[in-house]
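*Asks:*
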Amino acid sequence: MHILYTLTVTISLLTLGTVAKSDTPLASELSDGIYAFICERFYNDKNVPLILIRKKDNWNLSGIPELSVNKIDKGFTFKSTGKLEGFGFLKKGNDSSWKIEFLNETGSYKSKCDPQDVFVNLLIKSITPKIIENVNSLAKKTYDAKRDLLSVESRKRVLKARLEDDLDNPKAEYKNSKMHLTGEEADNFISKI
697 MHILYTLTVT ISLLTLGTVA KSDTPLASEL SDGIYAFICE RFYNDKNVPL ILIRKKDNWN
757 LSGIPELSVN KIDKGFTFKS TGKLEGFGFL KKGNDSSWKI EFLNETGSYK SKCDPQDVFV
817 NLLIKSITPK IIENVNSLAK KTYDAKRDLL SVESRKRVLK ARLEDDLDNP KAEYKNSKMH
877 LTGEEADNFI SKI
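One gets this note's numbering by counting positions in the sequence shown from 1 and adding 696 to each.
#1: Which one or two residues does DSSP pair with R737 in a beta bridge?
#2: State the Cα-Cα distance for the pair N790 and G771, rounded to the nearest angstrom.
#3: Just the Cα atoms here: how many angstroms apart are S887 and E880?
#4: What whole-angstrom Cβ distance do W755 and V744 have, given they're in contact under 8 Å?
#5: Go ahead and pull the three-state DSSP assignment for L763.
#6: Only counting the same chain, and skipping five residues up and downstream in sequence, which positions put a Cβ closer than 8 Å to that of S804?
#7: Please list the segments of the beta strand (DSSP E) lying wholly inside the region 793-872, counting only runs of 3 or more residues, in order along the chain.
#8: I'd like the span of the beta strand (DSSP E) that includes G782, first residue to last.
#9: When DSSP builds the beta bridges, which residues end up paired with L757?
#10: Can you pull the DSSP bridge partners for T777?
#11: How long is the line joining the alpha carbons of S758 and G784, rounded to whole angstroms?
#12: Taking a contact to mean a Cβ-Cβ separation below 8 Å, would you say V854 touches S727 in this structure?
#13: Could you say which of G778, I820, I828 and S776 lies nearest to I730 if we only look at CA atoms?
#14: Under a Cβ-count criterion, where at least 16 other Cβ atoms within 10 Å of its own Cβ denotes burial, should S822 be classed as buried or exposed?
#15: Quick check: what's the CA-CA separation for V831 versus D840?
#16: Less than 6 Å between C-beta atoms, sequence neighbours within five positions excluded: which residues of the same chain meet that for K836?
#17: By alpha-carbon positions, which one of N865, I760, K808 and S847 ends up nearest to K788?
#18: Quick one, are the C-beta atoms of L786 and T777 less than 8 Å apart?
#19: Among the candidates P811, F738 and K767, whose CA atom is the shortest distance from the CA of K752?
This is the structure we're talking about:
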């Protein structure tokens with residue numbers, strides 16, 4: 697049972713390491729589902745970064761969890777789910793620029809947003825090797841820790857079995873460990889008492 701468990705853990709960790717060491721994906725593959733913008737103004741702030749990330753079928757606006765985000769043909773819609781009710785959209789213009797408009801109880805906001813595709817792809821391309829290196833390092837540390845844990849568990853089982861044997865046979869152990877003293881050794885022992 698122990699060998700089967702060890703083998704299973706080893707194979708799964710080696711598989712993880714193999715997957716992590718496979719060819720590095722293209723930045724465009726890794727940036728799929730990520731849109732980044734720098735908006736001239738958003739509320740009262742200037743040069744505001746907006747990062748939209750798709751998680752399965754849902755979109756999130758990074759740093760603003762109270763906004764519900766939906767993808768539409770030419771952009772995104774926003775609906776506030778927080779204290780201030782509001783809605784808005786981020787829409788691609790006729791050129792490469794994007795426009796954001798948002799309306800809530802405190803007023804309306806309009807601004808131009810510049811896409812940051814080149815920066816996102818450059819960032820991903822630059823940090824991907826380091827992330828893969830870190831994943832490989834963590835996979836190795838996990839493998840080593842699980843291997844060490846299995847070794848400790850194995851030693852624990854052996855010691856437990858020995859202890860149980862010793863407890864089952866206390867008289868036999870006592871007989872085997874009795875001290876046999878010669879006459880002179882017994883006299884020396886008694887004189888020290």
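Backbone N, C-alpha and C fix where the C-beta goes; we use that ideal spot for every residue, glycine too.
*Replies:* So, to answer that:
#1: K742
#2: 12 Å
#3: 11 Å
#4: Incorrect: roughly 18 Å between the Cβ atoms, too far for contact.
#5: strand
#6: E797 and F798
#7: 794-800 and 803-811
#8: G782 to K788
#9: L748
#10: DSSP output for T777 lists no bridge partner at all.
#11: 16 Å
#12: no
#13: I820
#14: exposed
#15: 14 Å
#16: none
#17: K808
#18: no
#19: K767
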